[in-house]
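Before any comments, here is the structure.
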Amino acid sequence: MKISLVNRLYLGFTIVVLLVILGGFLSWRTYKTQVHEARWVQHTYKVLYQAEQVQHLIYDLEAARRGYRSTFDHKFLDPYEAGVPKVRPALNQLRSMVTDNPRQEKNITELETAINGMLRFWDDLDHFHFDKTFSQNTIITDKEVVLVNKVQDAIDAISNEERRLLTIREQENTHSIDRAIATLIINNSFILLVGFILMFVTWKEFKSRIAAQQQLNDKLQEEQRLNKETTEQNWLLSVTNDIKDSLQGISNVHDLTRNSLGTLTSVAGFEAGAFYHYDERTAKLRMYGSVSMPATAPQEFSSGEGLTGQAAAGKNIQVFRNLPQDYWQIIAASGALRPETLVLVPLRIDGELLGIIELAAFRPVSDLDLRFLELAAKDIAVALNATNAREKVLTLLQQVQEQKEILVSQQEELRQSNEELSRQSEILQASEEELRVQEEELRQVNAEMTVKNNALEAARKDLAEKATELEASSRYKSEFLANMSHELRTPLNSVLILAKMLEENKDHNLQPRQVEYATIIHKSGSDLLRLINDILDLSKIEAGKVELTPEDVTVAGIIDDLSDLFDVVAQEKKIRFDKTVMPDVPAVIHTDKLRLEQVIRNLLSNSFKFTPPGGHITMRWVMHPGNALHISVTDTGPGIPAEKQQLIFEAFSQADGATTRKYGGTGLGLSISRELMLLLQGEIRLENSSAAGSTFTIVIPAGTAQLPPSALHKPLPVAAEPAPAEPVIQQPAAPGDDRNTIRKGDKLILIIEDDIFFADILRDFARNKGFKTIVAHNGQDGLFYARKYLPAAIILDMNLPVIDGHSILKILRSSEELKHILVHVVSGADLPAATVGNINGYTQKPIETRDLEGVFSNISLQLQARLKQVLLVSSGPLATDPLIAAKSQERNLETQYDIVTSVAAAPAFLSGKKYDGIILDIGTDLQTGLTRLRELTEMPVAADTPVIVYIDQDISSAEEQQLKKYAAAIVRNSSFSADRLMDELELFLYKIEKKVVAATPPSPQHSLLEGKTVLLADDDMRNVFSISALLEEQGIRVLTAADGREALSVLDKNPGIHLVLMDIMMPEMDGFEAMKHIRADVRFVQLPVIALTAKAMAGDRQQCIDAGASDYITKPVDSSKLLSLLHVWLS
0 MKISLVNRLY
10 LGFTIVVLLV
20 ILGGFLSWRT
30 YKTQVHEARW
40 VQHTYKVLYQ
50 AEQVQHLIYD
60 LEAARRGYRS
70 TFDHKFLDPY
80 EAGVPKVRPA
90 LNQLRSMVTD
100 NPRQEKNITE
110 LETAINGMLR
120 FWDDLDHFHF
130 DKTFSQNTII
140 TDKEVVLVNK
150 VQDAIDAISN
160 EERRLLTIRE
170 QENTHSIDRA
180 IATLIINNSF
190 ILLVGFILMF
200 VTWKEFKSRI
210 AAQQQLNDKL
220 QEEQRLNKET
230 TEQNWLLSVT
240 NDIKDSLQGI
250 SNVHDLTRNS
260 LGTLTSVAGF
270 EAGAFYHYDE
280 RTAKLRMYGS
290 VSMPATAPQE
300 FSSGEGLTGQ
310 AAAGKNIQVF
320 RNLPQDYWQI
330 IAASGALRPE
340 TLVLVPLRID
350 GELLGIIELA
360 AFRPVSDLDL
370 RFLELAAKDI
380 AVALNATNAR
390 EKVLTLLQQV
400 QEQKEILVSQ
410 QEELRQSNEE
420 LSRQSEILQA
430 SEEELRVQEE
440 ELRQVNAEMT
450 VKNNALEAAR
460 KDLAEKATEL
470 EASSRYKSEF
480 LANMSHELRT
490 PLNSVLILAK
500 MLEENKDHNL
510 QPRQVEYATI
520 IHKSGSDLLR
530 LINDILDLSK
540 IEAGKVELTP
550 EDVTVAGIID
560 DLSDLFDVVA
570 QEKKIRFDKT
580 VMPDVPAVIH
590 TDKLRLEQVI
600 RNLLSNSFKF
610 TPPGGHITMR
620 WVMHPGNALH
630 ISVTDTGPGI
640 PAEKQQLIFE
650 AFSQADGATT
660 RKYGGTGLGL
670 SISRELMLLL
680 QGEIRLENSS
690 AAGSTFTIVI
700 PAGTAQLPPS
710 ALHKPLPVAA
720 EPAPAEPVIQ
730 QPAAPGDDRN
740 TIRKGDKLIL
750 IIEDDIFFAD
760 ILRDFARNKG
770 FKTIVAHNGQ
780 DGLFYARKYL
790 PAAIILDMNL
800 PVIDGHSILK
810 ILRSSEELKH
820 ILVHVVSGAD
830 LPAATVGNIN
840 GYTQKPIETR
850 DLEGVFSNIS
860 LQLQARLKQV
870 LLVSSGPLAT
880 DPLIAAKSQE
890 RNLETQYDIV
900 TSVAAAPAFL
910 SGKKYDGIIL
920 DIGTDLQTGL
930 TRLRELTEMP
940 VAADTPVIVY
950 IDQDISSAEE
960 QQLKKYAAAI
970 VRNSSFSADR
980 LMDELELFLY
990 KIEKKVVAAT
1000 PPSPQHSLLE
1010 GKTVLLADDD
1020 MRNVFSISAL
1030 LEEQGIRVLT
1040 AADGREALSV
1050 LDKNPGIHLV
1060 LMDIMMPEMD
1070 GFEAMKHIRA
1080 DVRFVQLPVI
1090 ALTAKAMAGD
1100 RQQCIDAGAS
1110 DYITKPVDSS
1120 KLLSLLHVWL
1130 S
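Numbering follows numbering that gives the first Met the number 0, with no gaps: position 420 of the sequence shown is 419.
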């Protein structure tokens, strides 16, 4: 684990402080040692001093005695008599000073004995009167010298011992000082070393941080550049769309001129401008419109005349900056201003000049403005060309009309001429030549009319093509939005996955506040995803990519769904929510339930959002003439102003669009609802809106199929009769079944019976037999509950409303999810042979109690027969391990275990029951276990029964081969052995018929995923980072590739990859082509490949499967769904 800089500094400073404390402690200890040694040295000197004092006393006593013997003068005995009393205290003091040294105590004792002997000698001399002769005196003196020498020797022994101790203590003191000095040097060296290390680490960390800061600044500058480019591109798209919108529906050049100049000056920030239209007949540019131009501005230019004429002769936009002071000025009431920049924009199509736009601005023109003008010039040129063509067509039509009138008049003249010719036959020859001339003129007129008609037809086709192009442009825009989910969802994918991982805080290394931040990020990302889905829904509708699935749906079912969703909201906000269905409303209508509920949900959501606490919301279902069903939602909210009532149905529009608005939202709900109602051949209206609330009404064709009231599993609420009091809506009673008390492991029976009383009888009887029940009174609800609860058995009536029993049976048997459910038919009708072959039991009405006993006995026996029997041979912990049964129940394995403690006891069980599998626990003794395995497999009663060996030790490959001669599978004891054992059991017990179980979330344990290798191919590094982090958290080794070609290269180098996650939209080679290459390689025919895509369009799944994908998941990737898929494909 990497230690942070702060922690490293703390650690270093702690070490330094500890070393300083250690140095102080050593110094203190040295000082204490010196003080102790000094005391002993001082003590030694005191002992030597005291010994010298005793010696001086003895010398004084000897001198006094010697003086007395020489003179026999008693005055010499005075010092002796005064000194004798001092000897004993001096000896005692000397003895007290060496009590710690037995050797010195012995010396003191010898000294005391010598002194006592000498004092006795002197005392004897005082009491003994000897001759004062020289010889006698010499004898006494010699004896006295001997005694004094003994005393002196004893004192010398004491002094020598103390001097020896003094030498030893001085040496020890010197050594102690040397050790202290060495220790302090070493300690100080360590302090300096740690200090240098801290300085180096700090310097290195700061250097790396400076480098990281520089990299961050570089990335920030790059991001700012991209943001600027994106902002400019968005602005270009916005103003270009404004130009296009202003050019739509224009029929003449003057309107086009006015709209285009108005848009350019208002949107692009130009203060003045003029529009010159090129007249092909005169080859001149004529002013057709202007904004803020002076009255003296030229009205026409010839080609090449002035700046405008020169710009018309060129093909590119010309910009003139720093205009002279005497240039024309823009006049306002408060004064006149001179423009700073002049821009001349030629309008051309295929090199042909159509006109020129002159624009003036008070500011410099940027490159972005020029890019916009280039795009705008193309759009204006196209529109101008179309308008010119339209005017030409109108001119030609007018000419044709005039020529037609001329032709009519000529025909009239011809008729008169013919009459005159008939009357005046005499002048026929003269008029004949004139007639031929007229006929020739008529032929020429007809030819001209043909040419003009052809031109008119060409212009009409050109207009039709332009209209088609405009329609295609609009459709491409909608398709672009409908298909852009990849770009929208891809960055959101990383946000949601990483925020979810942080929110789970599996490592428990985040503070509660940080977990709260992650929760807020995940919630905000989810809200953004819902917003994106709303935008894509609207785009799909506009692009015509929404498919409807009309079906017969119950009104009560719709109301139940809406009640489940909004009753809780009403309770939380303390809003009264009433549902009213008039009696003439049919029980069943034919429509797309999903889309209709979506529209009603949008209306109710808006009502609950705007209605304050204590308010009232009513949903009414009323039939109107013409088979029109009106569904109205009325609330007591703030209402919608009259000027905003049409605006709210437009996309991204809201009644309150201010920055300080009280309510949130995107403004898409009502727009989507309106489009969906058009698809449902209905409409949505705002019928009433005031300060007291609003009423929205949905009008749809009922398309009903009349059914009796018993067709619904709940009675519809009926409107109350008019009365002075407030009407009360009758709430339907919930079925008295067990849907709210179902627990894991319960035996569940679904009763589909339209007779309420008989259904109650079946329900109570089933309860007495130990079953939990779900009751449905029509076929539609029955199918819904079958899919939702996956019961063990179904009791089915055949004559059911909405969906009959025969249809239900066909649906059950054709569904992989439901075909395993037992079905027992209880009906009064006779059953065809084909139906009898698809059910597990049949009892014909009327029935009695004994018949019901037979029904439930049959169901119980068949359910019991489905139990898989497993014999567990174990005398160890496996026999009492609760995980075995728990794991079986968790995986919905219908398994019953019998346990024996030895192989010898197994034949008694095997001979009495047929077992589907045997688990043999051989513990840690491999040889004994192999013998028992051989004995078990050689038993005739155990033949053809698969044996799974459970062993509590690691084995070699040779030992494994020995076990596999007799065992179908081998499971070693580990923390995941229970899961492994269940895998093997499931394989051998259900290898014929695939068991269908209810979808449950994967186990938190990721033992099956740990150690697997997954290749992740995605060009978006955010996805690579987030998904890799998710997979590595599960113990998966992740290899990455940035495109399909690199993915193939990684696969070729790592053939041991267990699974591939393949993004679809990638550079170089996309996911479709990469998956085809993978399937073309015989090594990877069975390799699981999961496609990742953000398009989420209809048909995408089949396209991925056709390309070779094993499965498919959409972005943003839901972590639990992805792990579930990996658990399925890697197990």
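Yeah, the Cβ is synthetic: ideal placement off N, Cα and C, and Gly gets one too.
Item, Value
"By the DSSP assignment, the beta strand (DSSP E) with Phe300 in it spans what residues?", "299-301"
"Might you give, ordered along the chain, the residues of its own chain that have their beta carbon closer than 7 Å to the beta carbon of Lys377, omitting 5 neighbours on each side?", "none"
"From Leu235 to Gln398, what distance separates their C-alpha atoms?", "43 Å"
"Since I believe Val290 is in contact with Thr264 (beta carbons under 8 Å), could you give me their beta-carbon distance rounded to a whole number of angstroms?", "5 Å"
"Under 8 Å by Cβ, that's how I've got Glu109 and Ala153 pegged, so tell me the actual separation to the nearest angstrom.", "5 Å"
"Kindly give me the distance between the Cβ atoms of Val1116 and Ile1026, rounded to whole angstroms, as I take these residues to be in contact under 8 Å.", "7 Å"
"Hey, quick one: how far does the beta strand (DSSP E) through Lys771 stretch, first residue to last?", "771-775"
"Going by other Cβ atoms of all chains shown within 10 Å of its Cβ, with 16 needed for buried, is Tyr44 buried or exposed?", "exposed"
"Helix, strand or coil: how does DSSP classify Ile242 here?", "helix"
"Would DSSP call Ala271 helix, strand or coil?", "strand"
"For Asp177 and Val97, I'd like the C-alpha separation in whole angstroms.", "29 Å"
"Any chance the region 262-281 sits against the region 404-419, with 3 or more Cβ pairs inside 8 Å?", "no"
"Using CA atoms only, rank isn't needed, just tell me which of Ile1104, Gly638, Asp99, Val698 is closest to Met622.", "Val698"
"Helix, strand or coil for Ala967 per DSSP?", "coil"
"When you compare only the Cα positions, how much space is there between Gln142 and Trp39?", "Inspection of the sequence shows that residue 142 is occupied by Lys rather than by Gln. Cα-Cα distance, rounded: 38 Å."
"How many Å lie between Gln680 and Leu413 at the Cα?", "59 Å"
"Buried or exposed: where does Ala81 fall if 16 or more other Cβ atoms within 10 Å of its Cβ makes it buried?", "exposed"
"Going by DSSP in three states, Glu686 sits in which element: helix, strand or coil?", "strand"
"Sorted by chain position, which residues of the same chain lie with C-beta nearer than 6 Å to Glu1009's C-beta, five sequence neighbours on each side aside?", "Gly1034"
"Would you mind working out which of Leu747, Leu678, Glu447, Glu357 sits nearest Thr548, comparing C-alpha positions?", "Leu678"
"Closer than 6 Å to a non-hydrogen atom of the ligand MG - does that hold for the CB of Asp736?", "Annotation note on the ligand MG: not contained in the displayed structure, which lists no ligands."
"Using alpha carbons as the reference points, say which of Glu104, Gly692, Ile184, Leu851 lies closest to Pro611.", "Gly692"
"I believe Thr1012 touches Ile1077 by the beta-carbon criterion, under 8 Å. Please report the beta-carbon distance rounded to the nearest angstrom.", "About 15 Å separates the two Cβ atoms, so there is no contact after all."
"Note the first and the last residue of the continuous beta strand (DSSP E) segment covering Tyr896.", "894-899"
"Between the Cα of Arg738 and the Cα atoms of Ala775, Asp754, Ala904, which residue gives the shortest distance?", "Ala775"
"Could you give the residue range of the alpha helix (DSSP H) that holds His805?", "804-813"
"Who pairs with Gln868 in a beta bridge, going by DSSP?", "Gln895"
"Could you check if Trp620 is buried or exposed, using at least 16 other CB atoms within 10 Å of its CB as the buried criterion?", "buried"
"Restricting to Cα atoms, I'd like to know which of Asn504, Leu374, Met1061, Val381 is closest to Tyr349.", "The sequence as given places Asp at residue 349; Tyr does not occur at that position. Minimum Cα distance to Asp349 is reached at Val381."
"Thinking Ala113 and Val150 are a contact (beta carbons under 8 Å), I'd like their distance in whole angstroms, please.", "4 Å"
"How would you call Leu219, buried or exposed, if buried means at least 16 neighbouring beta carbons within 10 angstroms?", "exposed"
"Please classify Tyr914: does DSSP put it in a helix, a strand, or coil?", "coil"
"I think Ile518 touches Glu502, with their Cβ atoms under 8 Å apart; what is that distance to the nearest whole Å?", "Rather than Ile, the amino acid found at residue 518 in this sequence is Thr. With 8 Å as the limit, Thr518 and Glu502 qualify as a contact, their Cβ atoms being about 5 Å apart."
"Which first and last residues belong to the alpha helix (DSSP H) in which Thr256 is found?", "252-266"
"Could you check the C-alpha separation between Leu669 and Leu602 for me, to the nearest Å?", "8 Å"
"Pull up the distance between the alpha-carbon of Asp461 and that of Gly625, whole angstroms please.", "44 Å"
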